[in-house]
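Trainee: When you line the sequence shown up against my numbering, it's residues 1236 to 1485, in that order. This is the structure, below, for whatever I ask next.
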Amino acid sequence: GRSRSSTSLSNIPSRFAHGFSFLWRGAGELRRTPGAWWLMVVPVFINLALFVGLVVWLINITPTLMGWFTFGAWGGWVVLAWIIAVFVYAAIVILYAFLFSIVAEVLGAPFYEEIGVRVDKRHGAAIVERPWYQEVWLAIVQESQKLAVLLVIGFAMFLLQFLPGIGQILSIVGGVTILAVTLGGDAVGPALARRGYMLGDRRRWVLKHLMVVSGLGAAKAIGLIIPILNTVVLPFAAAGGTLLVQKYDA
């Protein structure tokens, strides 16, 4: 029992690294899958269009916002109004950046699902296809549940910081771990659903293959914080998650 446990523990880094590699395998798979690139580009442009619309809206409301905080001819009011406006703009942009992956997951759900379907078909996998509107609804439900769970966990991690000594370390490690598992689970979830796994079954599958799923989730998390890469990391993860399920669901 001890030698088996030691062997399992020694495999943890290699399994995590193996899972991490599936994001880049997914990128390579997109090059080989017919029609996959336009499925990747369309949701990216939709999200960018939303961002441009947000910027235009901020520009248009600037005079109104300035008027709210300018109470007279004194120049100091103008300076104060601009400072407040900058903080408001920064808060809105930061909020959008925080919600970027959630918005992208929902908007891109039918496109990323089609990417996964084409990858599965290219490898001859037996799957169950669903209408695009079901994909959107499932994405909304999944992202809502994920957001609720992350808020609860985030609050718990915040409380951990008040533990003397190791509180902050536990908070950081716990938060990073949960993020990796959640993002990895999102990447493999659609492929598991195409194989008939219900929600509870998918969760058990993720726990069974926790290290490889976490590795993919970690790669996805890093990609989401890197400019430019964050616009294409979701389709990479969709393809990579499908490849991961093909390998481990044999």
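Glycine is no exception: its CB is placed at the ideal position from the N, C-alpha and C atoms.
1. Counting Cβ pairs closer than 8 Å, one from the segment 1271-1286 and one from the segment 1343-1363, do we hit at least three?
2. Report the rounded CA-to-CA distance for Thr1242 versus His1444, giving the unit in angstroms.
3. Evaluate contact between the segment 1395-1407 and the segment 1444-1457, counting only Cβ atoms and requiring at least three cross-stretch pairs below 8 Å.
4. Would you call the segment 1450-1467 and the segment 1403-1410 in contact, with 3 or more CB pairs under 8 Å?
5. Nearest-angstrom Cα distance between Tyr1324 and Val1363?
6. Quick one: what does DSSP say Phe1255 is sitting in, helix, strand or coil?
7. Indicate the three-state DSSP secondary structure (helix, strand or coil) for Glu1364 in the structure shown.
8. Do you know how far the Cα of Trp1292 is from the Cα of Ile1327?
9. When the Cα of Glu1483 is compared with those of Ala1426, Val1384, Ile1461, which residue comes out closest?
10. If you count every other CB in all the chains shown that lies within 10 Å of the CB of Val1321, and 16 or more means buried, which is it?
11. Is it buried or exposed for Thr1466, if we count other Cβ within 10 angstroms and need 16 for buried?
12. If you draw a straight line from the C-alpha of Phe1286 to the C-alpha of Ile1337, how long is it?
13. Our contact map puts Gly1475 next to Gly1261 with C-beta atoms below 8 Å; I'd like the distance itself, whole angstroms only.
14. Apply the 10 Å Cβ neighbour rule to Arg1266 and answer buried if 16 or more other Cβ atoms are within range, or exposed otherwise.
15. What do you get for Asp1436, buried or exposed, if any count of 16 or more other CB atoms within 10 angstroms of its CB means buried?
16. Around the Cβ of Gly1254, are there at least 16 other Cβ atoms within 10 angstroms (buried) or fewer (exposed)?
17. Helix, strand or coil: how does DSSP classify Met1392 here?
18. Could you pull out every residue in the same chain whose Cβ sits closer than 6 Å to the Cβ of Asn1282, ignoring the five residues on either side in sequence?
19. I'd like the span of the alpha helix (DSSP H) that includes Arg1438, first residue to last.
20. For the alpha helix (DSSP H) that Val1468 lies in, which residues bound it at each end?
21. Pick helix, strand or coil for Thr1412, following the three-state DSSP scheme.
22. Using only alpha-carbon positions, find the residue among Ile1460, Tyr1368, Arg1357, Thr1412 that is nearest to Gly1389.
23. From the DSSP output, in three-state form, read off Ser1240 for me.
24. Could you give the DSSP three-state label for Arg1353: helix, strand or coil?
Mentor: Reading it off the structure:
1. yes
2. Confidence is the limiting factor: at Thr1242 the pLDDT is only 39, short of 50, which leaves the residue's position unreliable, though a coordinate-based value still follows. Roughly 16 Å between the two C-alpha positions.
3. no
4. no
5. 44 Å
6. helix
7. coil
8. 11 Å
9. Here residue 1483 is Tyr; the residue named in the question, Glu, does not match the sequence. Selected option, being the one with the closest Cα: Ala1426.
10. exposed
11. buried
12. 14 Å
13. 3 Å
14. exposed
15. exposed
16. buried
17. helix
18. Ala1339
19. 1434-1443
20. 1468-1483
21. helix
22. Thr1412
23. Reliability fails at Ser1240, whose pLDDT of 38 lies under 50, so the model's placement of it is uncertain and the value that follows must be treated cautiously. Helix, per DSSP.
24. helix
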